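Novice: Following my numbering, the numbering of the sequence shown begins with 20 at its first residue and continues without gaps.
Backbone N, C-alpha and C define an ideal beta-carbon position, used for all residues, glycine too.
Computed from a prediction, not measured in an experiment: that's the story for all the values here.
Take a look at this one; I'll ask things after.
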Amino acid sequence: MIKRNNPFVCKKCRKKVLSAKNGKCRNHCTFCLYSKHVDIAPGDRMHSCKGLMTPSNIAKRKSGYYILHICEKCGIKKWNKVQEDDRIGSFIE
């Protein structure tokens, strides 16, 4: 795993997303929860797909909430941990 925690502009909602706090990594938008399919292994940025990943489900586990992202381009599914400042309220209501 390559740790990356850089601010970015979301490709879906176009808002500026800040780096995650407490030394964690962020791979999805805090506002719309969309992600981008860029990694083969976490943080490597080596995947050629580059499709947008739609947040399709949120599940609660012992270690916290997780978002299921599905790539709009290739269909791959990946679970990602929700960050403290993610706006998941409207998604789970």
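1) Residues bridged to Leu71 by DSSP?
2) Which residue or residues does DSSP assign as beta-bridge partners of Val101?
3) Could you compute how far the alpha carbon of Gly83 sits from the alpha carbon of Val101?
4) With H, G and I counted as helix, E and B as strand and the rest as coil, what does DSSP make of Gly83?
Specialist: Let me lay it out:
1) As a position in the sequence shown, residue 71 is number 52, starting the count at 1. Answer by DSSP bridge pairing, in chain order: Lys55.
2) As a first step, residue 101 must be located in the sequence shown, where it is residue number 82. None; Val101 has no bridge partner.
3) The residue you call residue 83 lines up with position 64 of the sequence shown. The residue you call residue 101 lines up with position 82 of the sequence shown. When rounded, the distance between both Cα atoms is 7 angstroms.
4) In the sequence shown, counting from the first residue as 1, residue 83 sits at position 64. Looking at Gly83 - three-state DSSP - the assignment turns out to be strand.
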